[in-house]
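Let me begin by presenting the structure, written as structure tokens, before commenting on it.
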Amino acid sequence: MPDHLHVFVGLDEQQIDLPGWMKSLKNTLSKALRFDGIASPHRQKDFFDHVLRSEESYEEKWHYVRENPVRARLVKRWQEWPFAGEIFDLEYYSD
Numbered sequence: 117m118p119d120h121l122h123v124f125v126g127l128d129e130q131q132i133d134l135p136g137w138m139k140s141l142k143n144t145l146s147k148a149l150r151f152d153g154i155a156s157p158h159r160q161k162d163f164f165d166h167v168l169r170s171e172e173s174y175e176e177k178w179h180y181v182r183e184n185p186v187r188a189r190l191v192k193r194w195q196e197w198p199f200a201g202e203i204f205d206l207e208y209y210s211d
């Protein structure tokens, strides 16, 4: 969606602080947007996190994210949305 971002991450909670990681991501994205001439504010101060506890939940959230631009009537099919992608294909795993 043009007005928000969904990020799926797999972090080792023993080694990485999620709030710190999010702050760094937001700062990096804000710098890139300013460089492209897009004025602040770029983001909200806080963020919402949700722990995915099952493979079903993971697939459900992926479906929700993919369908966002369709629900907003920006495209007819999620595959048409140009602002979606993956850096790494994450798969759900449980301990």
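Quick note on our numbering: the sequence shown kicks off at 117 and runs consecutively. The beta carbon of each residue, even a glycine, is placed where N, CA and C say it ideally should be. Quick caveat, the model's predicted, so the values are computed rather than measured.
- Cβ neighbours of E183 within its own chain (closer than 7 Å, five residues either side excluded): W194.
- The beta-carbon distance between L134 and D165, rounded to whole angstroms, is 6 Å. This is short enough to meet the 8 Å contact definition.
- The beta carbons of H122 and V181 sit about 5 Å from each other, so the pair counts as a contact at 8 Å.
- Bounds of the alpha helix (DSSP H) holding E183 are E171 to R187.
- Ranked by Cα distance from M138, the options A148, D205, L149 and V125 are led by V125.
- Sequence-distant partners of R159 (beyond 5 residues in either direction) whose C-beta falls short of 8 Å from its own C-beta, in its chain, are K142, L145 and S146.
- When only Cα atoms are considered, G136 and K192 end up about 37 Å apart.
- Per DSSP, G136 is one residue of the alpha helix (DSSP H) stretching across L134 to F151.
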